[in-house]
Amino acid sequence: MSNKNILAIETSTQACSVALQAQQKVFSHHKILPRQHNRVILQHIQQLLQQASVTLAEVDALAYGQGPGSFTGIRLAAAVTQGLALAQNYKLVGLSSLKILALSAYKQYQVPEILVCIDAKMNEVYFAHYRIQQKNIALIGEEQCVGYDALQIDDQLNYLAVGDGWFTAQAKMLLKKFPTLKLVAEPTYPNAIDMLDLAEQAMANKQTLEIQAVQPNYLRQMHYQNKST
Numbered sequence: 030m031s032n033k034n035i036l037a038i039e040t041s042t043q044a045c046s047v048a049l050q051a052q053q054k055v056f057s058h059h060k061i062l063p064r065q066h067n068r069v070i071l072q073h074i075q076q077l078l079q080q081a082s083v084t085l086a087e088v089d090a091l092a093y094g095q096g097p098g099s100f101t102g103i104r105l106a107a108a109v110t111q112g113l114a115l116a117q118n119y120k121l122v123g124l125s126s127l128k129i130l131a132l133s134a135y136k137q138y139q140v141p142e143i144l145v146c147i148d149a150k151m152n153e154v155y156f157a158h159y160r161i162q163q164k165n166i167a168l169i170g171e172e173q174c175v176g177y178d179a180l181q182i183d184d185q186l187n188y189l190a191v192g193d194g195w196f197t198a199q200a201k202m203l204l205k206k207f208p209t210l211k212l213v214a215e216p217t218y219p220n221a222i223d224m225l226d227l228a229e230q231a232m233a234n235k236q237t238l239e240i241q242a243v244q245p246n247y248l249r250q251m252h253y254q255n256k257s258t
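If you want it as structure tokens, here you go:
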């Protein structure tokens, strides 16, 4: 853990999640709050700052979950990040919500091949295959917005399946075709506490953003644009 003070914000799913690394300690707030994120996110940030006895002026970097996920949720994380950054000269980092969830699952289960699936509604999911080895987190292929029938899974690999997209009726039917998939016991959501290491890596690799580049990654919008061309 570095001496950097990092504030992380993740609101792409039903979980409203914030974390603060400050004075070489970690403070976090992660709670399932469907459709209430905009009402509580600033309050949760202030609570963490008070717990850590630091001010926003003492924060070095902001990391936000850029999606994909709930359109309202990912817009909120980007907007709060931009708003806070207008007043301070922070390092800014945007992180994939699917990547955050993959890292969280790896820390808990130590399975290197992870299939992340977040419910995108309308019989579609946000899907990604991540391979994690030591500190290397590799995206295999690309993040997608697809229907369940379009998911391509190599049944020869020992996958861990995480995310609420695996708990729909359609997913349960699909899982019967892939008996080697290991499904976690309950739906899991991206946790801001897992963004802190990713944010430090991004800063070390000079993968930071200008404030105008802090934007949501809708993915579904890109998906339909690609289908229409």
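Residue numbers (the working numbering): 30 to 258. Cβ atoms here follow ideal geometry from the backbone N, Cα and C, with glycine treated the same way.
Could you check the C-alpha separation between Leu91 and Tyr188 for me, to the nearest Å? As a position in the sequence shown, residue 91 is number 62, starting the count at 1. As a position in the sequence shown, residue 188 is number 159, starting the count at 1. In a straight line, the C-alpha of Leu91 is about 32 Å away from that of Tyr188.
With a CB to CB cut of under 7 Å and the five nearest residues on each side skipped, what residues in its chain are close to His252? Here residue 252 refers to the residue found at position 223 when the sequence shown is read from its first residue. Note that His252 has pLDDT 46, beneath the 50 cutoff, so the model's placement of it is unreliable and no number is given.
Between Pro219 and chain B, is there a C-beta pair that is closer than 9 Å? The structure shown contains no chain B, having only a single protein chain.
Output needed for Gly102: all residues of its chain with C-beta closer than 7 Å, excluding positions within five of it in sequence on either side, in chain order. Looking up residue 102 in the sequence shown gives position 73. Cβ neighbours of Gly102 beyond the five flanking positions: Thr40, Ser41, Thr42, His66.
Within 10 angstroms of the Cβ of Gly192, are there 16 or more other Cβ atoms? Answer buried if so, exposed if not. Counting from 1 along the sequence shown, the entry for residue 192 is found at position 163. Flag for Gly192 reads buried.
Sorted by chain position, which residues of the same chain lie with C-beta nearer than 8 Å to Ala131's C-beta, five sequence neighbours on each side aside? Translated into positions along the sequence shown, residue 131 becomes position 102. Close CB contacts of Ala131 within its chain, under the 8 Å cut and outside five residues either way in sequence, are with Ile143, Val145, Ala157, Tyr159, Ile161, Ile166, Val191 (chain order).
Applying the 10 Å Cβ sphere with the 16-neighbour rule, what's the burial state of Arg68? For this step, residue 68 is matched to residue 39 along the sequence shown. Exposed: under 16 other Cβ atoms inside 10 Å.
Alpha-carbon to alpha-carbon, Gln163 and Gln236: The residue labelled residue 236 in the question sits at position 207 within the sequence shown. The residue labelled residue 163 in the question sits at position 134 within the sequence shown. Between Gln236 and Gln163, the C-alpha separation is close to 20 Å.
Tell me the DSSP secondary structure of Phe100 in three-state form. Counting from one through the sequence shown, the residue named residue 100 turns up at place 71. DSSP places Phe100 in helix when its eight states are reduced to three.
Helix or strand or just coil, what does DSSP make of Ile74? To locate residue 74, count along the sequence shown from 1; it is residue 45. Looking at Ile74 - three-state DSSP - the assignment turns out to be helix.
By DSSP, does Arg249 sit in helix, in strand, or in coil? As a working note, residue 249 is residue 220 in the sequence shown. Three-state result, Arg249: helix.
Identity of the residues DSSP links to Lys211 by a beta bridge: Here residue 211 is taken as the residue at index 182 of the sequence shown, counted from 1. Leu189.
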